[in-house]
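Per the working numbering, the very first residue in the sequence shown carries number 2; after that it's consecutive.
Below: one structure, written as structure tokens.
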Amino acid sequence: MMVMVDNNFLIGMVDDKNYYRVVLQALERDELRIGLPTPVLAEFLVRDDNYERGLFLSKVSGFSQVYNFDFKSAQMSAEIMRDLLARGYFDNKNSNKQLVKVDIQILGITLANQVEKLFTTDDEIGKIVDLLNLPIEIVDFRDNQSFFGMSLFDK
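Here it is as structure tokens:
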């Protein structure tokens, strides 16, 4: 089974070496994989100053797969943006549209690749999914702190 993850999930996972090992073991044991959208990798590499860790995540491995922002993802993202504009989503927003556009790219990649779950703590992504009734289950690990039955990030 594949689940997409956001930058905040990656940061939480690699901040603690013990959790990192536990996550990798759980992924292997349960034959699970995490999807890494390229905009997530870019955010991660900006915030994480560990080149080797970023390189490791971007390599093809048994636990992860990198998803590029390809033509199909661009089409899905454009559809999401059109729907948000039609609903006036940005009319009264004080937030940075550019940050929201990255979220839309992550959602576009998730939809284009038919991944059903996205692990994130980003409230904006959840609002967009709810507003547009997108077929993606948002798992907020701040509240749920569970990754397929395994406790995470509760230090």
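Cβ coordinates follow ideal geometry from the N, Cα and C atoms, glycine included.
Residues near residue i by beta carbon distance below 6 Å, same chain, minus five either side
{"i": "residue 103", "result": "40"}
{"i": "residue 111", "result": "5, 119 and 137"}
Collapsed DSSP secondary structure at residue i in the structure displayed
{"i": "residue 136", "result": "coil"}
{"i": "residue 115", "result": "coil"}
{"i": "residue 36", "result": "strand"}
{"i": "residue 120", "result": "strand"}
{"i": "residue 5", "result": "strand"}
{"i": "residue 21", "result": "helix"}
Expected contact under 8 Å - CB spacing of residue i and residue j to nearest Å
{"i": "residue 12", "j": "residue 48", "result": "6 Å"}
{"i": "residue 7", "j": "residue 132", "result": "Rounded, the Cβ-Cβ distance is 18 Å, inconsistent with contact."}
{"i": "residue 42", "j": "residue 24", "result": "Not quite, the Cβ-Cβ distance comes to about 17 Å (not below 8 Å), so this is no contact."}
Cutoff 7 Å; reference residue i; Cβ partners in own chain excluding five residues on either side
{"i": "residue 9", "result": "121, 122 and 123"}
{"i": "residue 65", "result": "34, 35, 37 and 58"}
Outcome for residue i when other beta-carbon atoms lying within 10 angstroms are tallied against a minimum of 16
{"i": "residue 87", "result": "exposed"}
{"i": "residue 2", "result": "exposed"}
{"i": "residue 91", "result": "exposed"}
Sequence-distant residues of its chain with Cβ nearer than 8 Å to residue i (five each side left out)
{"i": "residue 21", "result": "14 and 15"}
**Request:** Specify whether the stretch 105-116 and the stretch 67-85 touch according to this definition: at least 3 beta carbon pairs, one from each stretch, less than 8 Å apart.
**Result:** Touching, per the Cβ criterion.
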